[in-house]
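Below: one structure, written as structure tokens.
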Amino acid sequence: MNRNETVDAWMAGYDNPMKPVVEAVRTIVLAADPRVQETIKWQAPTFVYKGNIASFFPKSKKHASLMFHQGASIPGDFASLEGEAKDGRTMKFADLDDVAAKADDLRRVVIAWCEMQDHK
1034 MNRNETVDAW MAGYDNPMKP VVEAVRTIVL AADPRVQETI KWQAPTFVYK GNIASFFPKS
1094 KKHASLMFHQ GASIPGDFAS LEGEAKDGRT MKFADLDDVA AKADDLRRVV IAWCEMQDHK
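Under the working numbering, think of the first position of the sequence shown as 1034, with each following residue one higher.
Written out as structure tokens, the structure reads:
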């Protein structure tokens, strides 16, 4: 996995009841495809591959929220992606059981993004 020391440091200081959920989502995204990297942008962990894939909303305390910046353009049907915005879509995780339930959908979204970027 492509864990970044800057993100590790950010996570070490992250004081939020959703921290275990955020960490579980982070692990799934990074393991989904070796092309995915992580960094800190907009004061939050952000996943990248030939552009910004998704960023966490770090202030959310009732669920972990991952914003796919161009989620509307990712090819495929992903039941866990929410939203009606022109570009962005969000995937929310209530707890670790919800992460487990949505893990396959999350992996498929990440892989679809990487494939889309490679075929532009």
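Glycine included, each C-beta is placed from N, C-alpha and C at the ideal position. These numbers were taken from a predicted model, which means no experiment stands behind them.
Selected residue, minimal CA-CA separation from N1085, among W1043, E1115, E1071: A check of alpha carbon separations from N1085 across W1043, E1115, E1071 identifies E1071 as the nearest.
Complete runs of the beta strand (DSSP E) confined to the stretch 1085-1134 [at least 3 residues]: Along the stretch 1085-1134, the beta strand (DSSP E) occurs as fully enclosed runs of 3 or more residues at 1085-1089, 1097-1101, 1122-1126, listed in sequence order.
Where DSSP assigns a beta bridge to V1081, which residues make up the other side? DSSP output for V1081 lists Q1070, N1085 as bridge partner(s).
G1109, buried or exposed, once every other Cβ within 10 Å from all chains shown has been counted against 16: Exposed: under 16 other Cβ atoms inside 10 Å.
Could you tell me whether the Cβ atoms of Y1047 and C1147 are closer together than 8 angstroms? Contact: no.
In whole angstroms, what is the alpha-carbon distance linking A1097 and N1035? Each residue's Cα considered, the two are about 21 angstroms apart.
What distance in whole Å lies between the Cβ atoms of A1105 and K1119, which are believed to be in contact at a cut-off of 8 angstroms? Confirmed, Cβ separation roughly 7 angstroms.
Residue of M1149, Q1150, D1151, D1137 minimising C-alpha distance to I1061: When only C-alpha atoms are compared, the closest one is D1137.
Can you give the Cα-Cα distance for T1123 and W1075, rounded to whole angstroms? Between the alpha carbons of T1123 and W1075 lies a distance of about 16 angstroms.
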